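These notes are about the structure you will find just below.
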Amino acid sequence: MIQSKTGQMKTFLKQWQLQSMVIPGIVWMLIFCYIPMFWLIIGFMDYSIAKPMLQSPFVGLKHFEDFVTDERFWRSIRNTLGMSSIKLVLGFSIPIVFALLLNEIRSLRFKRTVQTISYLPHFIAWTIFGGIMLNWLGEGGVINQLFMGLGIQEREILYNSDPKYFWWITFFSDTLKETGWSAIIYIAAIAGIDPALYEAAELDGANRWQRMWHITIQSIRPTIAILFILAVAGILGSNFDQIFMLKNNMNMKMAESLDLYIYNMGLVSGRHSFSTAVLFARSIVALGLLFLANYSSKKLTGDSIF
Amino acid sequence: MNKSTIRKSTALVLSALMLGLAACTNSGNDPAPTSQPDSSTQPEATPAETALNPDEPAWRLDTSPVELSWFVGASWYPHSWGESLNSKYITEKTGVKVNIEVPSGDANEHITLMMTSGKLPDLISMGSWETAVKKLWEGDHVYALNELADQYDPYFFKVAGDGALKWYRQANGNTYGIPNDSYSPNLMHETGMTAANQTFLVRKDLYEEMGKPDLSTPDGFLGALQTIKDQYSEYKGQAISPFFAQGNVPYGMTEYLQNLLAVPHEKDGKVYDRITDPDYVNWLKTFRTAYERGLINVDFLVDSDTQVEEKTNNARYFMMVREWNGMAAVNPMLAASANPDSYYIAVDGPQNSKGDSAKLFPGNMDGWMVTMISKSVKNPERAIRFLTYLASEEGQLDLFLGKEGETWDSTSGKPQLKPELVELLSSDIEKLEKEYGVMDTYWMMRNPVIINQWRPEKSPVIKQMEDFANAQADIDSGIYKGLDPLGDSEVAVAWSRIAQNWEEVLPELITAKDNTAFDKIFESFLSRRDSYGFAQVMEHRQAELDARKAKMAE
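Note that the protein sequences, when read in sequence, are chains C and F.
For the first sequence, position 252 matches number 252 in the UniProt record's numbering, and the numbering has no gaps at all.
For the second sequence, position 401 matches number 401 in the UniProt record's numbering, and the numbering has no gaps at all.
Encoded structure:
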């Protein structure tokens, strides 16, 4: 594993065709992620779109003060944390369990079919999938029919009009759409495990549960750790497309996430500087969370991103 | 994935980060892109100037081929130039080939982005209410039409008529845009055509079977809803949704409902706070009662556009607070369906306690879209001459009816669309617009004063709604439309916070458990509104109204 600096360089040069494949990705990141960072500066200005960018007056932390005193901002924080926590606590393990179950299937054809079907919904855009969800949740939708048929409820409920259901609607619809897709990375990690480990364990008399616990899960632990770190870092993010499709005036109280708040302030109300300030603050907190999660993961499991 | 690959990718990310930072410093040192128009793009005087005659259109002076790009600020605009019969005819006649561009999303954002890049389409048509319009004018991105006309085509002043130029004149004496669908109060008084869209609609067969119940008083309204619930929750095989309001809270349940209730816009010269009007509040309480009794659901507040469309197309709504022109396609379809009486008719909806008939918004001087000539245009003289031509009676005729003999004939001295095209109008309007490109295909410069005389008679199921709206239009209320502050000023921010809060509060009012709870929610909204700066908003509305009145008096 340990190589000298020159040795590393040599390998790198030898693989230049392969290594250069990463260039488009780096260019993409530069253009869309790094260069735009410079314009965070308008969060400290009273930026007006009619004027050239750098001629707007500096106003310091005015916009930051404005948003921390806005009750709607704190509401959006609560909603974001609420939805993210449900997703993290209940949702994080679902693709792992799914990948493990899939791994235990003997029939290869069945396994492939299930896998393909499960990740198909991922390729439906939220604009479409959200529309389908709205129909399902509507008065005459399948959910009402199912629950009324089972005797769980007596009359139709407009699920999408009651704020208290909103977080759960986002959680279940997201699980429905993304489980198969999120499992792919675990399935790939499982596929990379040396079969000799299983054979050896079998010889030593390990049963299926023991093999799953001591070999499969232990081998994909770094992957789980990385994805967990990223998930924690993304706790202030939300699925904008999903919420944008499912929100309405009635469930807005519980639906307005931080992303939607930034959108409503920036693009809907035209407060570009203000929303940039919110975005900036959010990014700083997210960076902090990333370090925190990384540090704890390193301490607890020894696996970390950096 | 093992540790060393992780480390490698981290190194890559880090180096990308550093590269990014370097790139940023560079871009920071670059001179800021200037959006000031280059002085060299100023039009140069041409020799033809001496031959200009204010009584003659100047486009005939030069009909050599030229291309003009034309931005139409509506993402749904489906037409192009050059395929339809009519666009070919006009290109042949004037030499102007138009390239129509539409925004992929929001027109306002699209033009704003183009403004920052400094390169704009030659002609720009945009909703007159859009904030980008003001920015185009103030940022000197478009030509003053009067200056271009002075220089290249003084005939423009003859045709850009009916005070529209004066209406859009800015403080510096220049006019930068020319509106379409602009209606002056005088014109509306003269012709009775008001361009009013707002109506209260009911499904005809159900309404008649119920014995035409009175819907104008809270008691009548609740009674009719009770009948629906008891006897017609299913009608002709369809589950009935009793009520719908177009444009959700901010429009259908607020401004529009207030118009139905004839809530005044001003009292004794002072702008009136319409939301606190007792009649309006009383009707909101009526909706609350209806919800409490289970007579209405809140589907009209949560349904997506597709869900609304589905219900409309199946005539599942009993009554609708809805503009009739949105029903122009559906109503004939319903009338031709298996239930030919399931189409919608306009009737008296909710009224105030005095029983006044509705005071609906008419068309107004602002019109719909304004068309401008950007400073990016290479041939400003051709652009202004083309606009002048389109604004003139000749251009309006060409654009609306096409070429004489091909798409229209002159019978008894009046131009009339050929019968087969009139037939298409009701059977296949898409074909009419795609192949022929007449009527309302190219509406960017449509002047109702000129073209309405050539319109074929509308089908009766549409005409009923239109006539109803015309009869209840308050012709002098166009001046009150859109008094609210826009943009990113402090008062505009205050207003947008209030308006967005109202969108959440109104549903709470309707679903409140009793009238005491209703009052409490309403009170807390009013005090929140004050804390957001409502006083300034009222000041702004008053100033805007005074300015408009002064302009009208000119």
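Even glycine gets a Cβ: it sits at the ideal position worked out from N, Cα and C.
On a predicted model such as this, the values are computed, not experimentally measured, just so you know.
Could one say the Cβ of Leu-158 (chain C) lies closer than 8 Å to chain F's Cβ atoms, at least one of them?
Numbered from 1 along the first sequence, position 158 holds the residue referred to as residue 158 (chain C). Leu-158 (chain C) counts as touching chain F.
Is the separation between the beta-carbon of Gln-115 (chain C) and that of Leu-102 (chain C) shorter than 8 Å?
Along the first sequence, one-based indexing puts residue 115 (chain C) at 115. Along the first sequence, one-based indexing puts residue 102 (chain C) at 102. The answer is yes: Cβ separation under 8 Å.
Nearest-angstrom Cβ-Cβ length linking Thr-179 (chain C) and Gln-242 (chain C), presumed shorter than 8 Å:
As a working note, residue 179 (chain C) is residue 179 in the first sequence. As a working note, residue 242 (chain C) is residue 242 in the first sequence. 14 Å between Cβ atoms; not a contact.
Just the Cα atoms here: how many angstroms apart are Ser-20 (chain C) and Met-29 (chain C)?
Within the first sequence, the letter at position 20 stands for residue 20 (chain C). Within the first sequence, the letter at position 29 stands for residue 29 (chain C). CA-to-CA, the gap between Ser-20 (chain C) and Met-29 (chain C) works out to about 15 Å.
Counting along the chain, where does the alpha helix (DSSP H) carrying Gln-145 (chain C) start and finish?
Numbered from 1 along the first sequence, position 145 holds the residue referred to as residue 145 (chain C). Going by DSSP, Gln-145 (chain C) is part of the alpha helix (DSSP H) stretching over 142-149.
Residues of chain C with a CB under 8 Å from the CB of Ser-531 (chain F): which are they?
Locating residue 531 (chain F) in the second sequence gives position 531, counting from the first residue. What Ser-531 (chain F) touches in chain C: nothing, since even the nearest Cβ is about 10 Å away.
Near Tyr-168 (chain F), which residues of its chain fall below 6 Å by C-beta distance, leaving aside the five closest residues on each side in sequence?
Indexing the second sequence from 1 puts residue 168 (chain F) at position 168. So the qualifying residues of the chain are Thr-175, Gly-177.
For the putative contact between Ile-42 (chain C) and His-272 (chain C), defined by C-beta atoms under 8 Å, what is the C-beta separation to the nearest angstrom?
Counting from 1 along the first sequence, the entry for residue 42 (chain C) is found at position 42. Counting from 1 along the first sequence, the entry for residue 272 (chain C) is found at position 272. Indeed they touch by this definition, with Cβ atoms about 6 Å apart.
Which residue marks the beginning of the beta strand (DSSP E) containing Tyr-232 (chain F), and which one marks its end?
The count along the second sequence starts at 1 and reaches residue 232 (chain F) at position 232. Per DSSP, Tyr-232 (chain F) belongs to no beta strand (DSSP E) and is neither H nor E.
Could you please give me the residues that DSSP links to Leu-68 (chain F) through a beta bridge?
Locating residue 68 (chain F) in the second sequence gives position 68, counting from the first residue. Beta-bridge pairing links Leu-68 (chain F) to F:Val-98.
Which residue wins for smallest C-alpha separation from Gly-482 (chain F), given the options F:Gly-367, F:Asn-325, F:Ser-117?
For this step, residue 482 (chain F) is matched to residue 482 along the second sequence. Nearest C-alpha to Gly-482 (chain F) among F:Gly-367, F:Asn-325, F:Ser-117: F:Gly-367.
Beta-carbon spacing of Lys-253 (chain C), Pro-121 (chain C) below 8 Å
Locating residue 253 (chain C) in the first sequence gives position 253, where the first residue counts as 1. Locating residue 121 (chain C) in the first sequence gives position 121, where the first residue counts as 1. Cβ atoms of Lys-253 (chain C) and Pro-121 (chain C): not closer than 8 Å.
Residue closest to Ser-219 (chain C), alpha-carbon to alpha-carbon, out of C:Val-68, C:Leu-88, C:Ile-193, C:Ile-23
To locate residue 219 (chain C), count along the first sequence from 1; it is residue 219. Residue C:Ile-193 is the option with its Cα nearest to Ser-219 (chain C).
Note down the Cα distance separating Ala-224 (chain F) from Lys-414 (chain F), rounded to an integer number of angstroms.
Position 224 of the second sequence, counting from 1, holds the residue named residue 224 (chain F). Position 414 of the second sequence, counting from 1, holds the residue named residue 414 (chain F). Using only the alpha carbons, I get a separation of about 48 Å.
Please go through the stretch 144-224 of chain F and give each complete alpha helix (DSSP H) segment of 4 or more residues, from N-terminal end onward.
The stretch 144-224 of chain F contains these whole alpha helix (DSSP H) runs: 145-152, 156-159, 164-167, 185-191, 204-209.
Cβ shell of Thr-11 (chain C) (< 6 Å), same chain only, five flanking positions each side left out:
Within the first sequence, numbered from 1, the residue matching residue 11 (chain C) stands at position 11. Counting only Cβ-Cβ distances below 6 Å, and skipping sequence neighbours, we find nothing.
For Met-254 (chain C), which residues in chain F fall below 8 Å Cβ to Cβ?
Against the first sequence, residue 254 (chain C) aligns to sequence position 254. Neighbourhood of Met-254 (chain C) in chain F, by CB distance below 8 Å: empty, with the nearest CB roughly 11 Å away.
Please report how far the alpha carbon of Leu-292 (chain C) lies from the alpha carbon of Arg-208 (chain C), in whole angstroms.
Taking the first sequence and counting its residues from 1, the one referred to as residue 292 (chain C) is at position 292. Taking the first sequence and counting its residues from 1, the one referred to as residue 208 (chain C) is at position 208. In a straight line, the C-alpha of Leu-292 (chain C) is about 36 Å away from that of Arg-208 (chain C).
Answer with yes or no whether the minimum CB distance from Leu-257 (chain F) to chain C is below 8 Å.
Here residue 257 (chain F) is taken as the residue at index 257 of the second sequence, counted from 1. By this cut-off, Leu-257 (chain F) is not an interface position.
For the putative contact between Gln-351 (chain F) and Leu-261 (chain F), defined by C-beta atoms under 8 Å, what is the C-beta separation to the nearest angstrom?
The residue labelled residue 351 (chain F) in the question sits at position 351 within the second sequence. The residue labelled residue 261 (chain F) in the question sits at position 261 within the second sequence. About 6 Å separates the two Cβ atoms, so the contact holds.
Apart from the five residues just before and just after Ala-11 (chain F), which ones in its own chain have a Cβ nearer than 7 Å to its Cβ?
For the purposes of this step, residue 11 (chain F) is taken as residue 11 along the second sequence, with counting starting at 1. Interpretation of Ala-11 (chain F) is limited by its pLDDT of 43, a score under 50 that renders its predicted location unreliable; the figure taken from the coordinates is listed afterwards. Correct list: empty, nothing qualifies.
If we ignore side chains and look at the alpha-carbon of each, how far apart do Arg-109 (chain C) and Ala-191 (chain C) end up?
Residue 109 (chain C) sits at position 109 when you count from the first residue of the first sequence. Residue 191 (chain C) sits at position 191 when you count from the first residue of the first sequence. Rounded to whole angstroms, the separation of the alpha carbons of Ala-191 (chain C) and Arg-109 (chain C) is 16 Å.
As an exercise, report each continuous beta strand (DSSP E) stretch of at least 3 residues that is fully enclosed by the stretch 207-292 of chain C, in chain order.
As far as the stretch 207-292 of chain C is concerned, it has no whole beta strand (DSSP E) run of at least 3 residues.
Report the rounded CA-to-CA distance for Ile-475 (chain F) versus Thr-199 (chain F), giving the unit in angstroms.
If you number the second sequence from 1, residue 475 (chain F) lands on position 475. If you number the second sequence from 1, residue 199 (chain F) lands on position 199. Taking the straight line joining both Cα atoms gives about 15 Å.
Contiguous alpha helix (DSSP H) assignments of at least 4 residues, all confined to the stretch 226-303 of chain F
Runs found: 257-260, 278-292, 299-302.
Identified DSSP bridge partners for Ala-411 (chain F)
Stepping through the second sequence from its first residue, residue 411 (chain F) is reached at position 411. With the sequence shown as reference, residue 411 (chain F) is identified as Thr, and Ala is not the correct amino acid for it. BP columns for Thr-411 (chain F) point to F:Lys-414.
Is there a Cβ of chain C sitting closer than 8 Å to that of Ala-23 (chain F), yes or no?
In the second sequence, the residue the question calls residue 23 (chain F) occupies position 23. Any reading at Ala-23 (chain F) must be qualified, since the residue scores a pLDDT of 38, below 50, and its modelled position is unreliable; the value itself is stated next. Interface residue, yes.
Assuming Glu-130 (chain F) and Asn-108 (chain F) form a contact by the criterion Cβ under 8 Å, report the distance between their Cβ atoms to the nearest whole angstrom.
What you label residue 130 (chain F) is simply residue 130 of the second sequence in a count that begins at 1. What you label residue 108 (chain F) is simply residue 108 of the second sequence in a count that begins at 1. About 5 Å separates the two Cβ atoms, so the contact holds.
Beta-carbon separation (whole angstroms), Ser-128 (chain F) vs Pro-179 (chain F), contact threshold 8 Å:
Position 128 of the second sequence holds residue 128 (chain F). Position 179 of the second sequence holds residue 179 (chain F). Indeed they touch by this definition, with Cβ atoms about 6 Å apart.
CB-CB length for Asn-325 (chain F) against Asn-197 (chain F), believed under 8 Å:
To locate residue 325 (chain F), count along the second sequence from 1; it is residue 325. To locate residue 197 (chain F), count along the second sequence from 1; it is residue 197. Between Asn-197 (chain F) and Asn-325 (chain F) the Cβ distance is about 5 Å, and since that is below 8 Å, they are a contact.
Anything in the stretch 129-143 of chain C with a Cβ closer than 9 Å to a Cβ of chain F? List those residues in chain order, please.
Residues of the stretch 129-143 of chain C with a C-beta less than 9 Å from any C-beta of chain F: Gly-130, Gly-131, Leu-134, Asn-135, Gly-138, Glu-139, Gly-140, listed in chain order.
Relative to chain C, which residues along the stretch 302-322 of chain F have a C-beta separation below 7 Å, given in chain order?
Within the stretch 302-322 of chain F, the qualifying residues are Val-302, Ser-304, Thr-306, Gln-307.
In chain order, which alpha helix (DSSP H) runs of at least 4 residues are fully inside the stretch 389-473 of chain F?
For the stretch 389-473 of chain F, whole alpha helix (DSSP H) runs of length 4 or above, ordered along the chain, are 393-401, 419-427, 448-451, 460-472.
Below 9 Å on C-beta distance, what does Ser-48 (chain C) contact in chain F?
For this step, residue 48 (chain C) is matched to residue 48 along the first sequence. For Ser-48 (chain C), the residues of chain F that pass the 9 Å Cβ criterion are Lys-135, Gly-487, Asp-488, in the order they occur in the chain.
Which residues in chain C have a C-beta closer than 9 Å to the C-beta of Asp-299 (chain F)? List them in chain order.
Translated into the one-based positions of the second sequence, residue 299 (chain F) becomes position 299. For Asp-299 (chain F), the chain C residues whose Cβ falls inside 9 Å of its Cβ are Gly-138, Glu-139, Leu-158, Ser-161, in order along the chain.
Which of the three DSSP states, helix, strand or coil, is assigned to Glu-503 (chain F)?
For the purposes of this step, residue 503 (chain F) is identified with residue 503 of the second sequence, where counting begins at 1. For Glu-503 (chain F), the three-state secondary structure derived from DSSP is helix.
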